[in-house]
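Student: Shown below is the structure under consideration.
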Ligand code: ADP
Ligand code: MG
Ligand code: MG
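Residue numbers (our numbering): -13 to 498.
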């Protein structure tokens, strides 16, 4: 980071911090930059009606972020959308990857079986929607005499990419704090209005749902049309989702409903043509035809405690509604796919991104990732992972989403010792990205934590496509756009970065 910024953010006097915090807390609740309180923070008995909300974990200052990296991340999002849409449309290629996981990863296996069951009967919807988020950290390459910074991808999310709603709000919060002089002059020499980047994610992602809704066409049943948000219950991050719902209604006049995943079978049915019909529990006489199923649940095995939950997923997949994402798109988000794409000199990237210039820009964002299988690279990686002196440079990842699933650095060898060798290929080994040191202050559960932080940029993408009918006919992309950004910031002592998982905070970019 440039040296003029090394004092950023400045220390605040008691009065300065009080002023900033009182404004931040009120603005955040007034604008829905909020979450339901954690049970450890407010016990259920203190809030039996579930009416309380609290400021989402948020940074006091916008974090410094290199402008060139930020712009590159946004610029390549359409290419990433194209890449993952092409993967999701290439069932044969995905099958090759999934097959290596079937015997050793129950969750992937269940998803694949669900796809096969629908395929056997025949899919009745050929449109798919992706609301994606590609996550990056800034990596400083110090190996040459001229150190350079570039974006390296942490992962690509194809299901339930969250915080698009809150991200727009936190960027607006930081701009507000600047406007009301809540930042001292030592900070405003860095936080200039043109350095603050507003994120359009809430509106842009809602727009994605709106185009799918429209592309679905007219009602088959004669019932009014709606979008269904399939959600976890309870959901602490509900306001993030609500921002999308409200934008969808206000900007596109599209009605949506929240359906707890475990209520799928009681509140929806398929008619003879597999049109998905939703009955709101509060008004059973008014039924709706569902155009688009937006999954904000269903990405974790914890969402499927009963066999019935897999029936619910199958039921939704069988339907005529457009899925965001489809099962194949969900599977395309496996860490294994990311690892296979990142294999040096592999033909895979070019298969999906035929334009060499586009492919090379995407390739430049890949960090080294290795399989733990029986290939030569896999055998080499197993040695690195099992040896405590080398394992410290890596993170071990299973095929899971939602945070809290990875094994970091020195914990890897002990973890692997207890894991049967046959199950090692269910994981990938990734080099840790080492971002430049930064400082910030985070407000979480009413407490301010100050110190070294690590930022993770997420870039949202919307992609609507038509699936092909077979090997020769691969379908086509109908809509493709970059949909704003998210910056998440965590203390540099924490390996994990999830905001909902209790590690990070939502932030915005101060471009330098
Ligand atoms: P999930 O799908 O569960 O979010 P991620 O791959 O994003 O899994 O990993 C969770 C967190 O772990 C990230 O948000 C990031 O903070 C950290 N992390 C993951 N991979 C790396 C990496 N290669 N280098 C540094 N940190 C990483
Ligand atoms: Mg993820
Ligand atoms: Mg992640």
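We put the beta carbon where it would ideally sit given N, CA and C, even for glycine.
All values reported here derive from a predicted model rather than from experimental measurement.
Please give me, in chain order, every unbroken run of the alpha helix (DSSP H) with length at least 4 that falls completely inside the stretch 274 to 354.
Tutor: Whole alpha helix (DSSP H) segments, 4+ residues: 293 to 304, 313 to 318, 321 to 328, 334 to 338, 342 to 349.
Student: Is the closest heavy atom of ligand 3 to the C-beta of residue 458 under 7 angstroms?
Tutor: Flag unset: Cβ of residue 458 not near ligand 3.
Student: Do residue 80 and residue 73 have their CB atoms nearer than 8 angstroms?
Tutor: Closer than 8 angstroms, so yes.
Student: Is the Cβ-Cβ distance between residue 35 and residue 225 less than 8 angstroms?
Tutor: No, the pair does not count as a contact, with Cβ atoms beyond the cut-off.
Student: For ligand 3, any of its heavy atoms closer than 7 angstroms to the Cβ of residue 121?
Tutor: Residue 121 Cβ: within cutoff of ligand 3.
Student: Report the three-state DSSP secondary structure of residue 446 (helix, strand or coil).
Tutor: Strand.
Student: Assuming residue 428 contacts residue 475 under a Cβ cut-off of 8 angstroms, what Cβ separation, rounded to an integer in Å, is found between them?
Tutor: Rounded, the Cβ-Cβ distance is 7 angstroms, consistent with contact.
Student: For the alpha helix (DSSP H) containing residue 54, name the first residue and the last one.
Tutor: Looking at the DSSP string, the run of the alpha helix (DSSP H) that includes residue 54 is 53 to 61.
Student: Between the Cα of residue 274 and those of 130, -2, 68, 208, spot the shortest distance and give me the residue it belongs to.
Tutor: The option with the nearest alpha carbon to residue 274 is 208.
Student: Whose C-alpha, out of 65, 31, 129, 370, is nearest the C-alpha of residue 420?
Tutor: Per the Cα distances, 129.
Student: If I measure Cβ to Cβ from residue -11 and keep anything under 7 angstroms in the same chain, skipping five residues before and after, which residues do I get?
Tutor: Model confidence at residue -11 stands at a pLDDT of 46, short of 50, so the residue's coordinates are unreliable and nothing is read from them.
Student: Considering Cα atoms alone, identify which of 339, 85, 185 is closest to residue 69.
Tutor: The option with the nearest alpha carbon to residue 69 is 339.
Student: Taking all protein chains shown into account, do 16 or more other C-beta atoms lie within 10 angstroms of the C-beta of residue 390, making it buried, or fewer, making it exposed?
Tutor: Per the 10 Å Cβ criterion, exposed.
Student: Rounded to the nearest angstrom, how far is the Cβ of residue 214 from that of residue 279, given a contact under 8 angstroms?
Tutor: Rounded, the Cβ-Cβ distance is 5 angstroms, consistent with contact.
Student: Please report the straight-line C-alpha distance between residue 97 and residue 113, rounded to a whole angstrom.
Tutor: Their backbone Cα atoms lie some 19 angstroms apart in a straight line.
Student: Pull up the distance between the alpha-carbon of residue 165 and that of residue -4, whole angstroms please.
Tutor: So the two alpha carbons sit approximately 18 angstroms from each other.
Student: Quick test of the definition: if touching needs 3 or more C-beta pairs under 8 angstroms, does the stretch 150 to 165 touch the stretch 180 to 193?
Tutor: Contact between the stretch 150 to 165 and the stretch 180 to 193 is present, because at least three Cβ pairs lie under 8 angstroms.
Student: Find out if the Cβ-Cβ distance for the pair residue 76, residue 460 is shorter than 8 angstroms.
Tutor: Result yes, Cβ atoms of residue 76 and residue 460 sit closer than 8 angstroms.
Student: Considering only heavy atoms of ligand 3, does any lie closer than 7 angstroms to the CB of residue 389?
Tutor: Answer for residue 389: yes, Cβ within range of ligand 3.
Student: To the nearest angstrom, how far is it from the Cα of residue 86 to the Cα of residue 322?
Tutor: Cα to Cα, the separation comes out at about 10 angstroms.
Student: Count the other C-beta atoms from every protein chain shown that fall within 10 angstroms of the C-beta of residue 468, then say buried if there are 16 or more, exposed otherwise.
Tutor: Counting Cβ neighbours within 10 Å, residue 468 comes out buried, since at least 16 surround it.
Student: What are the partner residues of residue 435, as DSSP defines its beta bridges?
Tutor: Residue 435 is bridged to 428.
Student: How about residue 140: is its Cβ closer than 7 angstroms to a heavy atom in ligand 3?
Tutor: Residue 140 Cβ: within cutoff of ligand 3.
Student: Given this structure, state the Cα-to-Cα distance separating residue 244 from residue 94, to the nearest angstrom.
Tutor: Spanning the two alpha carbons is a distance of roughly 26 angstroms.
Student: May I have the straight-line CA-CA distance separating residue 118 from residue 142, to the nearest angstrom?
Tutor: If I take the Cα positions, the gap works out to 7 angstroms.
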